[in-house]
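Under UniProt numbering, read the sequence shown as residues 1 to 252, first letter to last.
Notes for the one structure printed next.
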Amino acid sequence: MQITDTQAMQIVGFRSAYAYPAAHLVLDDHAGDFGLPGGQWAKVVTPAQGDVTDAALDAYHERLLRSANPTERLLGTASIVFWGFYTFGPAFAAIRVHRHLFGRGNQQITRAEQIADVLEEADTAIKAGNPGAALGMFTGINQLSRTPFASKVVALLDPRRAAVYDNRICKGLRSSPWAANGPFANGVGSVQLRRVQREYANWCSFTQAIAEQMNEGCSRGLAWHWRDRRDAPQSWRAIDAERAIFAMFQPD
1 MQITDTQAMQ IVGFRSAYAY PAAHLVLDDH AGDFGLPGGQ WAKVVTPAQG DVTDAALDAY
61 HERLLRSANP TERLLGTASI VFWGFYTFGP AFAAIRVHRH LFGRGNQQIT RAEQIADVLE
121 EADTAIKAGN PGAALGMFTG INQLSRTPFA SKVVALLDPR RAAVYDNRIC KGLRSSPWAA
181 NGPFANGVGS VQLRRVQREY ANWCSFTQAI AEQMNEGCSR GLAWHWRDRR DAPQSWRAID
241 AERAIFAMFQ PD
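Here it is, written out as structure tokens:
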């Protein structure tokens, strides 16, 4: 599908409307909200009104997920869990982080070395052009074993090549004539399922294609950049195309 100027302006508008709260976790030298290996702590950062997710927060999460320090990688996945659940309330998000780190009942804890290995394997799969396999690497990881949250980690591990696929995206796609019968309209499920991995890979390919066309338009001098909170023009990544679609599916 070739994007027209009218469609591009709509995509830019929806990307500008994306306003997900910038909740996250940071390392704290003193007793914080969650204990981490090695006597370190994670502290909740509650966003102020209007403090929304931006490229800087994406870069922060990507840096943690790619850190050489396994504890920082664990902080990265825990922070993404908090970020993703924050819209359900900070207390609910904190419960989910606790489960990710420390388990619950017969659900396993998440060890720093374990998540570091998983992230390495996921990164290798993404670079090989297989984000679906990257998604599957999170099988059995507490809070990350289904598409909505595993895809958040995959997307923030490589925002240029991967995108989030959550329940709102899935519901919106299934109710949209242009996507309802497409190859990525039924992608929510257990990440160990090949069908789910295949649909997610198709979704990443779709969002990459949108980003590439938007960037190509920018290179031709068209006003197709999206702009951050400082009104600075930004190039498009797969995650930006997804965020435009996420905003498009925002309930009235």
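Glycine included, each C-beta is placed from N, C-alpha and C at the ideal position.
From a predicted model like this one, the values you see are computed outputs, not experimental measurements.
Measure the alpha-carbon distance for residue i versus residue j and round it to whole angstroms.
i: residue 262; j: R63; result: Look at the range of the chain in this structure, 1 to 252, and you will see that residue 262 is not part of it.
i: P177; j: G32; result: 48 Å
i: N202; j: E113; result: 30 Å
i: A122; j: L156; result: 12 Å
i: G221; j: D29; result: 48 Å
i: L36; j: L25; result: 12 Å
i: Q7; j: G84; result: 28 Å
i: R99; j: Q107; result: 8 Å
i: W226; j: Q208; result: 15 Å
i: E72; j: T4; result: 42 Å
i: S205; j: F184; result: 10 Å
i: M9; j: W224; result: 7 Å
i: Y200; j: Y165; result: 7 Å
i: A41; j: N130; result: Ala is not the amino acid found at residue 41; the sequence shown has Trp there. Roughly 34 Å separates the two Cα atoms.
i: A55; j: R230; result: 11 Å
By the DSSP assignment, the alpha helix (DSSP H) with residue i in it spans what residues?
i: G132; result: P131 to G136
i: W41; result: That residue, W41, is in no alpha helix (DSSP H); its beta strand (DSSP E) goes Q40 to V45.
i: D58; result: A55 to L65
i: A247; result: A238 to M248
i: M9; result: D5 to A17
i: G172; result: N167 to R174
State the DSSP-derived secondary structure class of residue i, mapped to helix, strand or coil.
i: L222; result: coil
i: G35; result: strand
i: R161; result: coil
i: P183; result: coil
i: P233; result: strand
i: P21; result: strand
i: V154; result: helix
i: V188; result: coil
Can you tell me where the beta strand (DSSP E) holding residue i begins and where it ends?
i: G27; result: The residue you asked about is not Gly; residue 27 is Leu in the sequence shown. L27 -> beta strand (DSSP E) spans H24 to D28.
Does residue i have its Cβ less than 9 Å from a Cβ in chain D?
i: A223; result: The chain inventory of the structure shown lacks chain D, comprising one protein chain alone.
Next item on the list: Give a yes or no on contact between the stretch 180-190 and the stretch 235-244, applying the rule of three or more CB pairs nearer than 8 Å.
Entry: At 8 Å Cβ cutoff, the stretches do not touch.
Next item on the list: Decide yes or no for the touch test of the stretch 14-29 against the stretch 43-50: beta carbon pairs closer than 8 Å, at least 3 of them.
Entry: The stretch 14-29 is in contact with the stretch 43-50.
Check: Is the stretch 51-69 close to the stretch 129-139, with three or more CB pairs under 8 Å?
Finding: At 8 Å Cβ cutoff, the stretches do not touch.
Notebook entry, point to check: Which ranges would you report for the beta strand (DSSP E) in the stretch 68-127 if only whole runs of at least 3 residues count?
Noted result: Complete beta strand (DSSP E) runs here, min 3: none at all.
Notebook entry, point to check: Just checking, does the stretch 168-187 make contact with the stretch 208-226 on the three C-beta pairs under 8 Å criterion?
Noted result: These segments do not touch.
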